[in-house]
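Written below as structure tokens is the structure these notes are about.
Protein chains: 2
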Amino acid sequence: MTQESQKFVGRYLSRFVESLQRSGVTRAVICPGSRSTPLAMALHRAPELQRCILMDERSAAFFALGQAKASGRPVLLVSTSGTAAANFMPAVVEAYWSHVPLIVLTADRPPELRDSGAPQTIDQVRLYGTHVKWFQDMPLADGAEILDTFAAITAERAAVTASQDPAGPVHLNFPFREPLLAEFPGPSADRSAVPARIVPAAACPSPGAIRDIVRRLKDFPQGFIVAGPGQMATVQPALLALSDRLGWPVWADPLSNIRGTDSAILGTHDLILRAHAEALPQPQAVIRLGAPPTSKALNQFIQHSRAFIIDGEGSYREPDLQPAEMIYGQPDLVVGQIVQELSDSAPDPIWRSFWQRQDQAARDRLRDRIETLQESVEPYLYYHLAEWLKPLGPADVFVSNSMPVRDLDTFTLDPGQALRFWANRGANGIDGIVSTALGVAAVKEQVVLITGDLAFYHDMNGLFAAKKYGLNALIVVINNDGGGIFSFLPQNRLDSAQFEDLFGTPHGLTFEHAAAMYHAEYRLARSLPDLEEAISELARIPGLRILEWHTLTRPRNVSEHTRLWGD
Amino acid sequence: MTQESQKFVGRYLSRFVESLQRSGVTRAVICPGSRSTPLAMALHRAPELQRCILMDERSAAFFALGQAKASGRPVLLVSTSGTAAANFMPAVVEAYWSHVPLIVLTADRPPELRDSGAPQTIDQVRLYGTHVKWFQDMPLADGAEILDTFAAITAERAAVTASQDPAGPVHLNFPFREPLLAEFPGPSADRSAVPARIVPAAACPSPGAIRDIVRRLKDFPQGFIVAGPGQMATVQPALLALSDRLGWPVWADPLSNIRGTDSAILGTHDLILRAHAEALPQPQAVIRLGAPPTSKALNQFIQHSRAFIIDGEGSYREPDLQPAEMIYGQPDLVVGQIVQELSDSAPDPIWRSFWQRQDQAARDRLRDRIETLQESVEPYLYYHLAEWLKPLGPADVFVSNSMPVRDLDTFTLDPGQALRFWANRGANGIDGIVSTALGVAAVKEQVVLITGDLAFYHDMNGLFAAKKYGLNALIVVINNDGGGIFSFLPQNRLDSAQFEDLFGTPHGLTFEHAAAMYHAEYRLARSLPDLEEAISELARIPGLRILEWHTLTRPRNVSEHTRLWGD
């Protein structure tokens, strides 16, 4: 016999989900559980909602993060009560700092069972602390019709709040009392009734502020434009015009996704500055967009330049405490207006071409050195990446943190428009990498993931999504048996036993078993020809593919990097 | 060249770690990272500290939880900054609710880099919210000597706060500024100087309160004593005396670890009450110790009885909102004093023996039914567990949540003193199970883990600890391809497509590859003789062993349980 309360919760959640869908939500990642039954049922019956059901909440949350990142829309993430919800924490933190919209829905016990010794009951109120933009402890559906309206408005607010700059996660906690099987109403006549709609604002700069900035820019004939991590395709034309007007080169981080899209957009800054920064003229000023660039050499080189930082997300991403003008506003609008105001500029005639020549020299030097490589040196992969991945057509490439994103920055000079790069650069963790990449694959139809062995190990559970949903993913695992990056840090001065114990952490793991478990095509490469052949072969087949590449020992990896970086 | 700041941090951490060790901390689990270098180095040089270095912070935290649970002492858990620390969340939450002492040490960026776009920088202040007993954002070591004293006192406070009832996690967040290589002082002359020492209190009941309780108990000639989850060995003699004085039977949850230690301590309550609770006389009152018992049938049966709940940890674990007297105080003291005050009691002559006859009948019924089983019915394992594990001598057995702990409760009738059971019953999650069990193995020299396939999948990364540290663990994975428990819940009334999609979640995974990855001995059992033979064989060898048992389909599992539970 159906109880009234089952109808109440069905009506309430039905309005909630309808409103979410009207607000543009198209995807949900659901982790199985009992207390979340009403939410799972409501999402199961929602028409045209793309659902994935995944069992490890940590991986599931990163999978949702990848989907949200690649689609630019908020993704629902659902769990039952208890530590299930706590497993979302790492991805929620990453989403918060990388400005990715997520709507986290956690089922909870009703108020009378909280802190009572009831099973799977923890304190879910503000569980994610300061790492969500908005939290609501939702009421129990008690039949009051006003709650159905409240649910619909809350859904709209959640979707808009998650999406509005800076985008990020929101958390709604839903207590449910037994019985948990909700009874849903038929298609409601007033389904189109929108109780509330929020029109989000775009951040626009004021003309006076722009004129003021331009006046100050003219004091600095020699500057850099730096396109940091962040999708910069829409601002690329305006940046080129700005580069022409000012006579400043554009240095593009690979995660800006505009590196190599024009001869004025350069990407060799890390190589050039590692080789001989001390012999080069520092820019007087820098216009920077997006997050701080990956290259430490570049950050240090521009540290004392006057910074004009255009931030479309109203954050303050400037860890070097530079003298800075922080300009809030949509980058394409801000840059476009600066260009207009600069119509009478007289750029330094030689500054930009000086850096273009430096760029060419760095490219020539690297090419000559790469061509002589005989052994499994990690930069070789990044150097050849665009060429090797050509058969995939334009490809989405996810790069892990730690070494991969740094090597990509240094050695992938010409990605052009063929490759679109993604990474988790909010908190720069090595957790959830496999799942985030597979979330991108779910949206973009395919992904190439480049990861080290530790990040791959950390999220092997994430591979399950590829098996279950037949995702197309080519995963290149660079296996140097532990934490490769530490050999580049001062920690390498410790005695080698302490170093290997605490930092190198050799694990002796290989990954053919993980591949077999999830029915992946697997290849092991030990040499450069192996690597090239395996990539070429695996690029031609669909599904999940894992290529494990055993690279040089940690000390040799350092010495080869040093040689390639050198003057 | 060493900077002054490297010496400051070395001195500060050296005092901190000395004080921790003086306070009884003997174990640390360290997750590798760069920002945590000063902590890792300080712990690496601490004499006689047992260190484990593990790469997946989520598994590492549960491993520390298992060590703390099995040793009864706070364990250090160390991470670098960023999402690494967020991965500790599930185990911290479990530790909080299950009253297990942990000292979480997270490295952080210095204040000037917080919320600045710096890499691996999140908001770690109160990261675990309400799920830690104490939080301190530690100061940077600036050379002031008072900070070294502060570090020593904070270490003592952390260890005592974590251990004091109710035990639980504490969190100290340590910002570090570069350079990260600390310089440590030589053995200090005043190492034995204790700047502060805390003498923890034991909770004692007042004699007047006890007399009052005893007066009220006499109103209820027919009652139950219920020993719930919690290590009850120390209170067992007092409970037996209480049972004699009152003439009430003791029903022991398997996680009380006193089931089967005496003929008055019964364990068939779940069987008896599932079969015919409606025909049995309800107790007028219940004296309950520890957490609420696992058996839902028992909780429901005693729901309207007057409850006297003795809680040594000052919590309120009573989700059924019973009419209750909550008595705070150490259980052995409280029960002992009640027994003394009951010297003139006149127990009901037939009440306890009535239940002892019920117990015998239930045992006979179950034995007859178990003996006729031919197929891979999950209760068979639990029924024979004590007998099969005899070759291991007294064995520590960790049981996962969801079905295993329930089946253990119903079907393992005579564990006696041969088996000591462990489980994560704070938040009852199916995460971190492998790691918690291996943490127990690290302290107790060996462990047997009984888990379902979902919990095993969730924490396969935890297996790495067994490989790295050569732990002795026999893991029995009951693989019913998904969420077995849901078939016992009302969700099974949904149409089967929706049920399997949202709840059954068949994954098609088998675990021979996981075993191979971590060099485990692996056996697959498909029948009862297979199972018995494999356990007998694997019980005789050391190291990591994984026995995967494929059991009946979900509907058959339900029908077989129902038959075994029946009247």
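Chain order of the listed sequences is A and B.
Sequential numbering of the first sequence, starting at 76, is according to my numbering.
Sequential numbering of the second sequence, starting at 76, is according to my numbering.
Note that the Cβ used here is the ideal one computed from N, Cα and C, for glycine as well.
- In the structure shown, B:G283 falls within a helical segment according to DSSP collapsed to helix, strand and coil.
- C-alpha of A:V325 to C-alpha of A:F299: approximately 6 Å in a straight line.
- Its Cα nearest to that of A:G335, the residue A:Q431 stands out among A:E258, A:Q378, A:A421 and A:Q431.
- Per DSSP, A:L569 lies in no beta strand (DSSP E) segment and is marked neither H nor E.
- A:G192 has a beta carbon lying within less than 8 Å of a beta carbon in chain B.
- Judged by beta-carbon spacing, A:P479 lies beyond the 8 Å limit of A:I445, meaning their Cβ atoms are not closer than that value.
- Of the candidates B:Q297, B:E450, B:A502 and B:R90, the residue whose Cα lies closest to the Cα of B:I425 is B:Q297.
- By the Cβ test, the region 84 to 91 of chain A is in contact with the region 109 to 122 of chain A, since at least three Cβ pairs between them sit closer than 8 Å.
- Annotated three-state conformation of A:P250 is strand, per DSSP.
- A:L613: member of the alpha helix (DSSP H) spanning L603 to A614, first to last residue.
- Comparing C-alpha distances from A:W640 to each of A:G527, A:L341 and A:R440 shows the shortest one belongs to A:R440.
- Counted as a single uninterrupted DSSP element, the alpha helix (DSSP H) harbouring B:V633 occupies residues R629 to W640.
- Burial of B:Q311 is indicated by the presence of at least 16 other C-beta atoms within 10 angstroms of its C-beta.
- Not flagged as an interface residue toward chain A: B:W209, since no C-beta distance is shorter than 8 Å.
- When C-beta distances to chain A are compared with 8 Å, the residues of the region 564 to 579 of chain B below that value are L564, P565, Q566, R568, L569, Q573, D576, L577 and F578, in chain order.
- The continuous beta strand (DSSP E) containing B:N554 extends over residues A548 to N554.
- With 16 or more neighbouring CB atoms inside 10 Å of its own CB, A:I553 falls in the buried class.
- Burial is judged here by how many other beta carbons sit within 10 angstroms of a residue's own beta carbon; B:P466 has fewer than 16 and is exposed.
- Closer than 7 Å at the C-beta level to chain A, one finds no residue of the region 411 to 439 of chain B.
- Contact of B:G558 with chain A by beta-carbon distance below 8 Å involves P107.
- The three-state reading of DSSP puts B:L524 in strand, counting E and B together.
- With respect to the 8 Å criterion, A:P304 and A:L330 are classified as neighbours on the basis of their beta carbons.
- Straight through space, the alpha carbons of A:L448 and A:L549 are spaced by roughly 25 Å.
- In this structure, A:F486 is the residue among A:S477, A:M130 and A:F486 with its C-alpha nearest to the C-alpha of A:L456.
- At a C-beta separation below 8 Å, A:H174 has no neighbours in chain B, since its nearest C-beta there lies roughly 11 Å away.
- Counting C-beta atoms within 10 angstroms of its own C-beta, A:E450 has fewer than 16 neighbours from the protein chains shown and is therefore classed as exposed.
- Residues of the same chain with a CB within less than 6 Å of the CB of B:Q521, apart from the 5 flanking positions on each side, are N547 in chain order.
- Among the CB atoms of chain B, none fall inside 8 Å of the CB of A:F251.
- For B:Y391, the number of other beta carbons within 10 angstroms of its own is below 16, and it is reported as exposed.
- Contact between B:P149 and B:A237 holds, with the beta-carbon distance rounding to 4 Å and staying under 8 Å.
- For the C-beta of A:D198, the chain B residues within less than 8 Å are, from N- to C-terminus, G204, T205 and H206.
- If you ignore the 5 residues before and after A:A227, its C-beta comes within less than 6 Å of the C-beta of R90, S94 and P270, all in its own chain and listed in chain order.
- Secondary structure of A:F486 (DSSP, three-state): helix.
- Using a CB distance cut-off of 8 Å, B:V452 does not count as an interface residue toward chain A.
- For B:H119, no beta strand (DSSP E) segment is defined; the enclosing uninterrupted segment is the alpha helix (DSSP H) at T112 to H119.
- By the C-beta criterion, the region 381 to 397 of chain A is judged to be in contact with the region 189 to 197 of chain B, since at least 3 inter-stretch pairs fall below 8 Å.
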